[in-house]
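Remarks on the structure that follows.
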Amino acid sequence: MRAVVVDPDVAGRLRIGTVDEPIPLSNQALVRVQTTSLNPGECRRAAREAAGWRPGWDLAGTVIRPAADGSGPGVGTRVVGNISNGSWSEIVAARADFLSPIPDELSFELASTLPIAGLTPFRALEHGGFLLGRNVLITGASGTVGAFAIQFARLSGARVVGVVRRAERAAIAQEAGAHIVAVGEDASVAAPYGPYNVVLDGQGGQSLAASLGMLAKDGICVFFGTSASREVHLDPHDFYLKGGGQLYGLSLGHELTKRGPAEDLARLARMVVDGTLKVRVDVTASWREVAELVRRQLARETIGKIVMRID
Numbered sequence: 006m007r008a009v010v011v012d013p014d015v016a017g018r019l020r021i022g023t024v025d026e027p028i029p030l031s032n033q034a035l036v037r038v039q040t041t042s043l044n045p046g047e048c049r050r051a052a053r054e055a056a057g058w059r060p061g062w063d064l065a066g067t068v069i070r071p072a073a074d075g076s077g078p079g080v081g082t083r084v085v086g087n088i089s090n091g092s093w094s095e096i097v098a099a100r101a102d103f104l105s106p107i108p109d110e111l112s113f114e115l116a117s118t119l120p121i122a123g124l125t126p127f128r129a130l131e132h133g134g135f136l137l138g139r140n141v142l143i144t145g146a147s148g149t150v151g152a153f154a155i156q157f158a159r160l161s162g163a164r165v166v167g168v169v170r171r172a173e174r175a176a177i178a179q180e181a182g183a184h185i186v187a188v189g190e191d192a193s194v195a196a197p198y199g200p201y202n203v204v205l206d207g208q209g210g211q212s213l214a215a216s217l218g219m220l221a222k223d224g225i226c227v228f229f230g231t232s233a234s235r236e237v238h239l240d241p242h243d244f245y246l247k248g249g250g251q252l253y254g255l256s257l258g259h260e261l262t263k264r265g266p267a268e269d270l271a272r273l274a275r276m277v278v279d280g281t282l283k284v285r286v287d288v289t290a291s292w293r294e295v296a297e298l299v300r301r302q303l304a305r306e307t308i309g310k311i312v313m314r315i316d
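Its first residue numbered 6, the sequence shown is counted upward by one per residue in this note's numbering.
Below you can see the structure in the form of structure tokens.
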């Protein structure tokens, strides 16, 4: 079968190559992949991994062999899910509890945008508890994860403030449902609208430092990325003085070991079908263009998701 592999000797370091078909464990199904969507983390990793490494987390496709232990979707079922690496392939072996059936009304293209970009803010907001009437801050609010986070928080009854770096992107956060959009290089620009019961930060750097200082008493900052910077210069005074503040480091992989994603993905899929949840896809293209698609992802040339067809 074919799959995208790292090859340092070709332009863009990625090519479609021939690999062995996966041999599933008893709790894994074989899925013929129709589409996948690109995420910054896997694209950055592809730029530094050794030859032969296979990128890809998200997938949507059809079960061609169900799990031998009888768990999960049956043969012929249209599914969405994710794996640890290698979803940019014709066929993957995926844990049955990491796969969720999708409605016929939901396209493979839209379904494949949901696992990483949707589950990350979904699980992050769970740590904030009951959100009705609470003040929630979302950094990186114009990105796909940010747009999902805003929608989830609004649907939960929160007052949502989003932070974007550039004024021309403020409308994206507003369209997603943010009550207020603050524009600036880091989260400190949202200080006038705080304090915050819940903060979701995937930026790191001074956004993380500012977020901790803006927490309300017993508030929580859920931190899940360093897209801005890994270096944080923190004055802890405001953070500890408020009392009860928490910083929670969210790794989606770790969260999914505690509870598989199938049920949550089913909920997200239903929300897309009924129009409750909006997904923006800016590019849909063949995996034969993989190197260019990854370049565009890393250069942040798009606002919405990039979807890749495995054709």
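Glycine included, C-beta positions come from ideal geometry on N, C-alpha and C.
Whole angstroms is fine: what's the gap from residue i's alpha carbon to residue j's?
| i | j | result |
| --- | --- | --- |
| ILE311 | GLY249 | 40 Å |
| SER147 | GLU306 | 13 Å |
| GLY258 | GLU173 | 33 Å |
| GLN302 | ALA221 | 35 Å |
| VAL194 | PHE113 | 38 Å |
| ALA187 | ALA175 | 8 Å |
| GLY265 | PHE103 | 6 Å |
| TRP292 | GLU47 | 15 Å |
| SER117 | PRO108 | 13 Å |
| ALA267 | GLY86 | 7 Å |
| VAL166 | ALA154 | 11 Å |
| VAL237 | LEU160 | 32 Å |
| GLY182 | VAL227 | 20 Å |
| LEU115 | ILE315 | 14 Å |
| ALA51 | LEU246 | 42 Å |
| PHE2 | PRO200 | Nothing can be reported for residue 2, as the shown portion of the chain is limited to 6 through 316. |
| THR23 | ALA98 | 16 Å |
From the DSSP secondary-structure annotation, give me the bridge partner or partners of residue i.
| i | result |
| --- | --- |
| THR40 | ALA65, ARG314 |
| ILE185 | VAL166 |
| VAL286 | LYS310 |
| THR82 | For THR82, which the question treats as bridged, DSSP gives no partner whatsoever. |
| CYS226 | VAL204, LEU252 |
| GLN33 | ARG100 |
| LEU220 | TYR201 |
| VAL295 | DSSP output for VAL295 lists no bridge partner at all. |
| LEU19 | VAL11 |
| GLY209 | SER234 |
If you drop the 5 nearest sequence neighbours on each side, which residues of the same chain put their C-beta closer than 6 Å to that of residue i?
| i | result |
| --- | --- |
| LEU273 | LEU119, GLY123 |
| GLY230 | GLY207 |
| THR144 | VAL168, ALA192, ASP206, GLN208, SER212 |
| VAL295 | VAL9, LEU19 |
| GLN251 | ILE225 |
| ALA163 | LEU136, ARG139, VAL141 |
| PRO204 | Checking the displayed sequence, the identity of residue 204 turns out to be Val instead of Pro. If we look at VAL204 and ignore the five residues flanking it on each side, its Cβ neighbours are LEU142, SER216, CYS226. |
| ASP223 | GLY249 |
| ILE185 | VAL166, TYR198 |
Regarding residue i and the ligand GDP, is the C-beta to nearest heavy atom distance less than 6 Å?
| i | result |
| --- | --- |
| TYR245 | Among the ligands in the structure shown, none appear at all, so the ligand GDP cannot be discussed. |
Between which residues of its own chain and residue i is the CB-CB distance below 7 Å, once the five residues before and five after are set aside?
| i | result |
| --- | --- |
| SER92 | VAL38, THR41, GLY61, TRP62, ASP63, LEU64 |
| GLY81 | THR67, VAL68 |
| ASN32 | ALA72, ASP74, SER76, ARG100, ALA101 |
| THR125 | VAL150, PHE229, LEU257 |
Near residue i, what residues of its chain come up, given a Cβ to Cβ distance below 8 Å and the 5 sequence neighbours on each side ignored?
| i | result |
| --- | --- |
| ILE96 | MET6, GLU26, PRO27, LEU35, VAL36, ARG37, VAL38, ILE69 |
| MET276 | LEU282 |
Apply the 10 Å Cβ neighbour rule to residue i and answer buried if 16 or more other Cβ atoms are within range, or exposed otherwise.
| i | result |
| --- | --- |
| LEU53 | The question names Leu, but residue 53 in the sequence shown is Arg. It is exposed - the Cβ of ARG53 has fewer than 16 other Cβ atoms within 10 Å. |
| ILE88 | buried |
| GLU110 | exposed |
| PRO29 | buried |
| ALA105 | Correcting the residue identity first, residue 105 is Ser in this sequence and not Ala. Under this definition SER105 is a buried residue. |
| VAL299 | buried |
| GLY254 | exposed |
| VAL84 | buried |
| ALA215 | buried |
| VAL15 | exposed |
| ASP269 | buried |
| GLU180 | exposed |
| PRO241 | exposed |
| GLY79 | exposed |
Contact criterion: CB-CB distance below 7 Å. Does residue i meet it with respect to chain D?
| i | result |
| --- | --- |
| LEU124 | This model lacks chain D altogether, as it is built from one protein chain only. |
(request) Counting only runs of 3+ residues fully inside the stretch 84-170, write out the beta strand (DSSP E) ranges in chain order. (result) 96-100, 104-106, 140-143, 164-169
(message) I'd like the ranges of any beta strand (DSSP E) spanning at least 3 consecutive residues and lying wholly in the stretch 232-285.
(response) 251-254
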